[in-house]
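Note sheet for the following structure.
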Amino acid sequence: MSEVEKSREKGVNRRKFLVDMAKTACGVGLMGMGLGLYSRAASSLPAQAIRPPGALPEEEFLGACIRCGLCVRDCPYGILKLASPGEEVPTGTPYFTARTGPCEMCEDIPCIPNCPTNALDHELKDINDARMGLAVVIDQETCIAFLGLRCEVCFNICPIRGKAITLDYEHNKRSGKHARFLPVVHSEACTGCGLCEKACILEEAAIKVLPTHLAKGVLGKHYRIGWEEKAKAGHSLVTPDVRHQYNLPEGVQYDLQGKGLIMDSGATDDVPISSNPLDTLNRGLENQ
Amino acid sequence: MAKQAAVGAEAVEAKGWIRAHKWLLLRRISQIGILALFLISPYLVDRLDGTWVVKGNLASSMTLDVLPLTDPHILLQAILTGITPHKDAVIGVVIVLVFYLLVGGRVYCSWVCPVNMVTDAASWLRRRFGIRGGARIDRSTRYWMLAMTLVLPLATGAIVWELFNPVSLAFRGIVFGMGLGWMVLLGVFLFDLLVSREGWCGRLCPVGAFYALVGKASLLRVVADKREQCDDCMDCFAVCPEQKVIRPALKGADKGIGPVILAGECTNCGRCIDVCAEDVFRFGSRFSKQKVVDSGERETAGEESKPFSDAA
Numbered sequence: 001m002s003e004v005e006k007s008r009e010k011g012v013n014r015r016k017f018l019v020d021m022a023k024t025a026c027g028v029g030l031m032g033m034g035l036g037l038y039s040r041a042a043s044s045l046p047a048q049a050i051r052p053p054g055a056l057p058e059e060e061f062l063g064a065c066i067r068c069g070l071c072v073r074d075c076p077y078g079i080l081k082l083a084s085p086g087e088e089v090p091t092g093t094p095y096f097t098a099r100t101g102p103c104e105m106c107e108d109i110p111c112i113p114n115c116p117t118n119a120l121d122h123e124l125k126d127i128n129d130a131r132m133g134l135a136v137v138i139d140q141e142t143c144i145a146f147l148g149l150r151c152e153v154c155f156n157i158c159p160i161r162g163k164a165i166t167l168d169y170e171h172n173k174r175s176g177k178h179a180r181f182l183p184v185v186h187s188e189a190c191t192g193c194g195l196c197e198k199a200c201i202l203e204e205a206a207i208k209v210l211p212t213h214l215a216k217g218v219l220g221k222h223y224r225i226g227w228e229e230k231a232k233a234g235h236s237l238v239t240p241d242v243r244h245q246y247n248l249p250e251g252v253q254y255d256l257q258g259k260g261l262i263m264d265s266g267a268t269d270d271v272p273i274s275s276n277p278l279d280t281l282n283r284g285l286e287n288q
Numbered sequence: 001m002a003k004q005a006a007v008g009a010e011a012v013e014a015k016g017w018i019r020a021h022k023w024l025l026l027r028r029i030s031q032i033g034i035l036a037l038f039l040i041s042p043y044l045v046d047r048l049d050g051t052w053v054v055k056g057n058l059a060s061s062m063t064l065d066v067l068p069l070t071d072p073h074i075l076l077q078a079i080l081t082g083i084t085p086h087k088d089a090v091i092g093v094v095i096v097l098v099f100y101l102l103v104g105g106r107v108y109c110s111w112v113c114p115v116n117m118v119t120d121a122a123s124w125l126r127r128r129f130g131i132r133g134g135a136r137i138d139r140s141t142r143y144w145m146l147a148m149t150l151v152l153p154l155a156t157g158a159i160v161w162e163l164f165n166p167v168s169l170a171f172r173g174i175v176f177g178m179g180l181g182w183m184v185l186l187g188v189f190l191f192d193l194l195v196s197r198e199g200w201c202g203r204l205c206p207v208g209a210f211y212a213l214v215g216k217a218s219l220l221r222v223v224a225d226k227r228e229q230c231d232d233c234m235d236c237f238a239v240c241p242e243q244k245v246i247r248p249a250l251k252g253a254d255k256g257i258g259p260v261i262l263a264g265e266c267t268n269c270g271r272c273i274d275v276c277a278e279d280v281f282r283f284g285s286r287f288s289k290q291k292v293v294d295s296g297e298r299e300t301a302g303e304e305s306k307p308f309s310d311a312a
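Going down the list, the sequences are from chains A and B.
In terms of full-length UniProt numbering, the first sequence is residues 1 to 288.
In terms of full-length UniProt numbering, the second sequence is residues 1 to 312.
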């Protein structure tokens, strides 16, 4: 066998090797793209699946959580689950469902310390600082407090009672003589534990924990809330406060939120404008 | 077919059934035992005053509340998304890496991984029913797969591979709930049975590829100690899930290659030791030398450096 033939054979082998390698690389690359695309679709978290306390924002969480299940094991109430394939939650990641098993808000937050990757933030020391989601009184048409009944179950079960959920008293316009005790959630205190959703007496809860980004609106960045700015500055930043003036005839005052039109004493019988148009006409004749 | 069915028959005759299946049995005990520990721990907690024998899964676990173990491949993916792991995870990874550097990287595959039982079953059925051929997938593909699992977290910021990984899916499924995960395992089984011999573990699995890289430097190795006694029955090649790792050590005496199977792809499963009627193989260290042949480690290393050459 000549040297030329040998080297030609070598060339063919090298070419075959390179082609094979390119094939494999392309195949695996395509597969990777497929997996990547699918993972995008699979990474959306259903609204009712809530991450454990201290969980990083969802996108970071999916990079940090290695799906070991230590938090699941460390939860003394057994509320956490690892999503199994076929569920809507990204496979292997921990979550709980408020309606069936809410977070009991343990003071020592046992689900966090063993998390190997800080997917559950080890910096979270006070469970009241957790923000797993936000409770929302989502249906005022079925919430029996809005229907005028005394319920207040969500208010009473709330671990941060009186701060995360308060009751607003309101006149019951329907009956005309009762009060309504309406639950109102405050995002600055609500941890999203879901105890209220669990406790809601309706067949389908009227108060639900939602992911914060779904529950909250966001003001335009240029918005300034006047009274807050005023409190900060000590005075109004826009038009100065002036006492409102009603342009009323002498001897008459107007109380907006109270009695309405007030006649000063002495002027009582000298009604400036009578409701009877004839009076005006007659007066006109008298004056002439 | 008759020949296929007779793999290991000589060894059974020579050594008895138990000794001819010694390492296989030990591996099954190890694989099932590890799973069993994870499975019974929840039921033992109350009797052990709240101590978990072991909790978590193969991704990361805590044994007896003191020993953290973390899978280096999975943690590496997480780190590539840009996170900083917790101290316990780093300790866990170091312990795991040191362990596999001692006993052989792919010991994970043959002694721990639950998918091994699935693919071994497929291999056994393939041999039993003489199923041959199928798709030719190069054994180096797994290293491309490994690269892919590491590029995906960089590109997407999420641990994408763990959505699909049959290995973690199987273990997590058994411990925490399988869901539809069995479909993936069935897929792996059918793939190995009908599409490609040792297709998953030997050609595609990036977890195995990762541990094969760890295993390149590992201490515990299979040694073809009495290779001059080899009677070319080929049983070891028939059962070996990585046939090409055997040849240099078993047949390389003329080329001055040492008797140690040095390729990282070797899973240290010990089946070659089991099925050899002549007791050619044994477990030894990577520095084991045959008295008769004075082989240099360098030459062996040279052979090892081209592990992708296709022997299949």
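Where is the CB? At the ideal position from N, CA and C, for every residue including glycine.
Here Phe-129 of chain B is exposed: its Cβ has fewer than 16 other Cβ atoms, across all protein chains shown, within 10 Å.
DSSP places Ala-36 of chain B in the helix class (H, G or I) of the three-state scheme.
Between Ser-218 of chain B and Cys-68 of chain A, the C-beta gap is not smaller than 8 Å, which leaves the two residues out of contact.
Ranked by Cα distance from Leu-167 of chain A, the first of A:Ser-175, A:Val-153 and A:Gly-176 is A:Val-153. Within chain B, Ala-78, Thr-81, Gly-82, Ile-83, Pro-153, Gly-157, Ala-158 and Ile-159 have C-beta atoms less than 8 Å from the C-beta of Gly-63 of chain A, given in sequence order. Burial is judged here by how many other beta carbons sit within 10 angstroms of a residue's own beta carbon; Ala-36 of chain B has fewer than 16 and is exposed. 8 Å or more divides the Cβ of Gly-56 of chain B from the Cβ of Leu-80 of chain A.
Annotated three-state conformation of Ser-187 of chain A is coil, per DSSP. Contact with chain A is absent for Phe-237 of chain B, since none of that chain's Cβ atoms lies less than 8 Å from the residue's Cβ.
Boundaries for Asp-46 of chain B: no beta strand (DSSP E) harbours it, and the DSSP string shows neither H nor E there. Runs of beta strand (DSSP E) with 3 or more residues, each lying fully within the stretch 171–224 of chain A, are found at 178–185 and 207–210, listed in chain order. Beyond the five residues adjoining it in sequence on each side, Leu-193 of chain B comes within less than 8 Å, by CB distance, of Ala-122, Leu-125, Arg-126 and Ile-131 in the same chain, given in chain order. Pro-72 of chain B sits in a helix when the DSSP states are folded into three classes. Taking 8 Å as the cut-off, the beta carbon of Pro-166 of chain B is found closer than this to the beta carbon of Val-188 of chain B. Less than 8 Å divides the Cβ of Cys-269 of chain B from the Cβ of Pro-241 of chain B. Neighbours of Arg-172 of chain B in chain A, taken as residues whose beta carbon is under 9 Å from its own, are Arg-67, Cys-68, Gly-69, Leu-82, Ser-84, Thr-91 and Gly-92 in chain order. Selection A:Lys-216, A:Leu-219, A:Val-209 and A:Cys-65 evaluated against Ile-159 of chain B yields A:Cys-65 as nearest (Cα-Cα). Within the DSSP secondary-structure output, Pro-94 of chain A pairs in a beta bridge with A:Leu-82. In chain A, no part has a C-beta under 7 Å from the C-beta of Gly-270 of chain B; the shortest such distance is about 29 Å. According to the DSSP assignment, Asp-255 of chain A belongs to the beta strand (DSSP E) that extends over 252–255.
Distance between Asp-231 of chain B and Thr-70 of chain B, taken at the CA atoms: about 43 Å. The beta carbon of Gly-181 of chain B falls within 8 Å of a beta carbon belonging to chain A, placing the residue at that interface. Non-local beta-carbon contacts of Arg-197 of chain B in its own chain, meaning distances under 7 Å to residues more than five positions away in sequence, involve Arg-126 and Gly-134 in chain order.
Cβ-Cβ distances below 6 Å link Asn-114 of chain A to Leu-70 and Asp-74 in the same chain, with the five nearest sequence neighbours on each side left out; the list follows chain order. Counting along the chain, the unbroken beta strand (DSSP E) around Ser-61 of chain B starts and ends at 60–63.
Put simply, of A:Thr-93, A:Pro-110 and A:Pro-53 the residue whose alpha carbon is nearest the alpha carbon of Pro-76 of chain A is A:Pro-110.
At least one CB atom of chain A sits nearer than 8 Å to the CB of Gly-92 of chain B.
Straight through space, the alpha carbons of Met-178 of chain B and Leu-45 of chain A are spaced by roughly 19 Å. Where Lys-55 of chain B is concerned, the enclosing beta strand (DSSP E) starts and stops at 54–57.
Take the alpha-carbon of Leu-152 of chain B and the one of Asp-46 of chain B: they are about 42 Å apart. Judged by pairs of C-beta atoms under 8 Å, the stretch 166–181 of chain A does not touch the stretch 125–137 of chain A, as fewer than three such pairs exist. Residue-level contact by beta carbon fails for Arg-15 of chain A and chain B, as no gap is shorter than 8 Å.
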